[in-house]
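**Q** 14 is the number of the first residue of the sequence shown in my numbering; add one for each residue after it.
Beta carbons are placed, not taken as given, at the ideal position from N, Cα and C, and that holds for glycine.
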Amino acid sequence: MRFECVIVGGGIVGLATATTLSKRQPGASILVLEKDQELATHQTGRNSGVIHSGIYYKPGSYKARFAREGNASMVEFCREHGIKHDVCGKVIVATENDELPRLENLYQRGLQNSLAVSRLAPEQVREIEPHVTCIAAIKVPSAGIVSYRQVAKTYADIIQAHGGTIQTGTRLLKVRKGTDTATLETTRGEIEARVVINCAGLFSDRVARSAGTDPNAKIVPFRGEYFELVPEKRQLVKGLIYPVPNPEFPFLGVHFTRMIDGTVHAGPNAVLAFKREGYRKTDFSLRDTWETLTYPGFWKLARKHMDEAWMEMRRSFSKRLFVRSLQRLIPEVRAADLVPCKAGVRAQALLPDGKLVDDFLILRERNVIHVCNAPSPAATASLEIGKAIAEQVPELQTRVTVSAPS
Ligand SMILES: Cc1cc2nc3c(=O)[nH]c(=O)nc-3n(C[C@H](O)[C@H](O)[C@H](O)COP(=O)(O)OP(=O)(O)OC[C@H]3O[C@@H](n4cnc5c(N)ncnc54)[C@H](O)[C@@H]3O)c2cc1C
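So, in structure tokens, the structure goes:
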């Protein structure tokens, strides 16, 4: 088979990229290749479903820009396509005095990122979230909720309506780069493409290496585990309730999220996963674990964050500790109010010096583009990431020669 452009990975980033390309050039020969039988079953289908505002990110970074612009484009997209969503806003609450300077920094960062943030006194928080106890808070009105699985499905419909092809159940094994085209070796035969875009999420570093590009970073999988409030206790949470995050850590701390289907999730934590798609505590892959444990960057990171990592590990195995973290936000929540639910695994790129790649990372080598770091808020920012990638893609031809698939 031959396509002008092949996008590897049927998650929200790959599908958003294909959506942008196919809308720009209707009829262009575009293929989205997905190894699983279904689209969006990994990070995209296992996240918190929050349309982030962009408050947390360093001003001027891609994350800050794409989250803010992506928040607006995601809401607009949902409106246009009748996807259920709710711009419910969120509160970030401080419960201890030593969190106040960090809360203030976050407020200032919100202003720098041009967000309509406001400071709230505890009684104002109670008007929004009656069960929260705190000493100060900020409100971020542009945050919202949606099902990213639903968004991804709509992207897929648009791609197909514009003449693009989606092929599931086909894993990319290797990319051989030629002068003008690349050959993709897959589990269902070879595909020739003029442009290849790697959006393989948890496997994006391996796909890059298989194409001869060293991203100088390794994906380290961090599992995020959740509990769910039992239906009788859902009224404890009206919208989105977050703690003040540790700025040294890329994760936001366990929080309460009202999902678009009305359920309320508590989490996610952040524990090292011993398998890239390891959603259960017992999941293990020798290859994935070996790669992590033999990577010098991992040990440098582990040494730096030993205390947090140990705490996360203990909390993963102790519901009591998990509940205690949640009680800092809502003191009346009890262990009996929570049942375990799905987990997700974040694809976080780690540098050899032990630093986590802070921003989105997109590398290009001739006609092969690699999305090497697209953690949260990449679902929110998916249309903006898609646009940024599409700008790097040369004009695509619509004509395509198809030979019988092997
Ligand atoms: C617990 C958790 C909570 C999160 N919460 C939020 C949130 O509230 N808001 C937000 O904006 N973001 C959130 N995120 C981040 C967001 O989900 C991700 O940034 C986003 O989904 C990344 O999309 P992706 O397409 O890059 O990856 P994925 O969704 O993982 O898709 C990659 C796809 O590539 C496929 N693939 C991999 N290798 C191959 C191969 N060799 N051949 C073919 N196909 C391949 C995989 O099967 C997969 O379908 C969260 C993430 C997690 C894990």
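Relative to the alpha-carbon of Phe216, which residue among Ile204, Glu203, Gly202, Lys231 has its alpha-carbon at the smallest distance?
**A** Taking only the C-alpha atoms, the option nearest Phe216 is Lys231.
**Q** DSSP three-state label for Ala362, please.
**A** Looking at Ala362 - three-state DSSP - the assignment turns out to be strand.
**Q** In whole angstroms, what separates the C-alpha of His383 from that of Gln361?
**A** Taking the straight line from one Cα to the other gives about 14 Å.
**Q** Between Phe269 and Val45, what straight-line distance do the alpha-carbon atoms span, to the nearest angstrom?
**A** Spanning the two alpha carbons is a distance of roughly 34 Å.
**Q** Would you mind sorting Leu28 into buried or exposed? The rule is 16 or more other CB atoms within 10 Å of its CB.
**A** By the 10 Å Cβ count, Leu28 comes out buried.
**Q** Going by DSSP, what residue range makes up the beta strand (DSSP E) through Cys18?
**A** From DSSP, the beta strand (DSSP E) with Cys18 extends over 15–21.
**Q** For ligand 1, any of its heavy atoms closer than 7 Å to the Cβ of Pro135?
**A** Every heavy atom of ligand 1 is 7 Å or more from the Cβ of Pro135, so no.
**Q** Report all residues from its chain with a CB closer than 6 Å to the CB of Arg412; omit the five preceding and five following residues, and keep chain order.
**A** Annotation note: pLDDT 47 at Arg412 (below 50); position unreliable, coordinate value reported separately. If we look at Arg412 and ignore the five residues flanking it on each side, it has no Cβ neighbours.
**Q** What first and last residue would you give for the alpha helix (DSSP H) that runs through Gly83?
**A** Here the alpha helix (DSSP H) through Gly83 covers 75–94.
**Q** What does the Cβ neighbour count give for Leu17, buried or exposed, with the cut at 16 atoms within 10 Å?
**A** The amino acid at residue 17 is misidentified as Leu; the sequence shows Glu. Buried, because 16 or more other Cβ atoms sit within 10 Å of the Cβ of Glu17.
**Q** Taking only heavy atoms of ligand 1 into account, decide whether any of them is closer than 7 Å to the Cβ of Ala360.
**A** Answer for Ala360: yes, Cβ within range of ligand 1.
**Q** For my contact list, Ala53 and Ala165 are in at a C-beta cut-off of 8 Å; report their separation, rounded to the angstrom.
**A** Yes, Ala53 and Ala165 are in contact; Cβ-Cβ is about 4 Å, under 8 Å.
**Q** Can you look up Asn211 in the DSSP assignment and give me helix, strand or coil?
**A** Strand, per DSSP.
**Q** Locate the beta strand (DSSP E) running through Leu342, then write down its first and last residues.
**A** Note, Leu342: premise wrong, no beta strand (DSSP E); not H, not E.
**Q** Which residues in the same chain as Val100 place their Cβ atom closer than 8 Å to its Cβ, once the five residues preceding and following it in sequence are excluded?
**A** Closer than 8 Å at the Cβ level, and outside the excluded window around Val100, lie Ile64, Val88, Pro154, Ser155, Ala156, Gly157.
**Q** Rounded to the nearest angstrom, what separates Ala417 and Glu93 at their Cα positions?
**A** Note that Ala417 has pLDDT 39, beneath the 50 cutoff, so the model's placement of it is unreliable and the number below is only indicative. Cα-Cα distance, rounded: 38 Å.
**Q** What are the boundary residues of the alpha helix (DSSP H) that includes Leu34?
**A** First-last of the alpha helix (DSSP H) with Leu34: 25–37.
**Q** Ile402: which of Val19, Met14, Arg15 sits nearest, CA to CA?
**A** That would be Val19, whose Cα lies nearest to the Cα of Ile402.
**Q** Taking the alpha-carbon positions, what's the Gly22 to Ala392 distance?
**A** Answer to the nearest angstrom: the Cα atoms are 14 Å apart.
**Q** Tell me whether Ile148 sits in a helix, a strand or coil according to DSSP, three-state version.
**A** If DSSP states are grouped into helix, strand and coil, Ile148 belongs with coil.
**Q** Quick check: is any heavy atom of ligand 1 less than 7 Å from the C-beta of Thr393?
**A** Checking the Cβ of Thr393 against ligand 1 gives yes.
**Q** Just the C-alpha distance for Thr276 and Ser61, rounded to the nearest angstrom, thanks.
**A** One C-alpha to the other measures close to 11 Å.
**Q** Roughly how many angstroms separate the alpha carbons of Ser419 and Gln180, rounded to a whole number?
**A** Any reading at Ser419 must be qualified, since the residue scores a pLDDT of 38, below 50, and its modelled position is unreliable; the value itself is stated next. So the alpha carbons of these two residues sit roughly 14 Å apart.
**Q** Just the Cα atoms here: how many angstroms apart are Pro143 and Ser86?
**A** Approximately 31 Å between the Cα atoms of the pair.
**Q** Keeping to the same chain, check which residues put their C-beta closer than 6 Å to that of Thr146; ignore five residues upstream and five downstream.
**A** Excluding sequence neighbours, Thr146 sits near Pro344.
**Q** Around the Cβ of Ala221, are there at least 16 other Cβ atoms within 10 angstroms (buried) or fewer (exposed)?
**A** Ala221 comes out buried.
**Q** When every heavy atom of ligand 1 is checked, does at least one fall within less than 7 Å of the C-beta of Ile151?
**A** Every heavy atom of ligand 1 is 7 Å or more from the Cβ of Ile151, so no.
**Q** Give me, in chain order, the residues of the same chain whose beta-carbon lies closer than 7 Å to that of Val138; leave out the 5 immediate sequence neighbours on both sides.
**A** Excluding sequence neighbours, Val138 sits near Val104, Val106, Val145, Cys147, Ala150.
**Q** Is there contact between the segment 200–210 and the segment 320–328, where contact requires at least three CB pairs shorter than 8 Å?
**A** They do not touch, by the three-pair rule.
**Q** Can you tell me which residues form a DSSP beta bridge with Arg425?
**A** The displayed coordinates of the chain run from 14 to 419. Any statement about residue 425 would go beyond what the structure contains.
**Q** Please report how far the alpha carbon of Val415 lies from the alpha carbon of Gln173, in whole angstroms.
**A** Summary for Val415: the model assigns pLDDT 39, below 50, so the residue's position carries little reliability, and this model does not support an answer.
**Q** In the structure shown, what three-state DSSP assignment does Gly58 receive?
**A** The answer is helix: DSSP assigns Gly58 an H, G or I state.
**Q** Roughly how many angstroms lie between the CA atoms of Glu241 and Val257, to the nearest whole one?
**A** In a straight line, the C-alpha of Glu241 is about 21 Å away from that of Val257.
**Q** Just how far apart, CA to CA, sit Gly58 and Glu397?
**A** Those two C-alpha atoms are separated by around 19 Å.
**Q** Which residue comes first and which comes last in the beta strand (DSSP E) that contains Gln180?
**A** Taken as a continuous stretch (DSSP letters only), the beta strand (DSSP E) holding Gln180 covers 178–180.
**Q** According to DSSP, is Arg222 part of a helix, a strand, or is it coil?
**A** Of the three classes helix, strand and coil, the one that applies to Arg222 here is helix, per DSSP.
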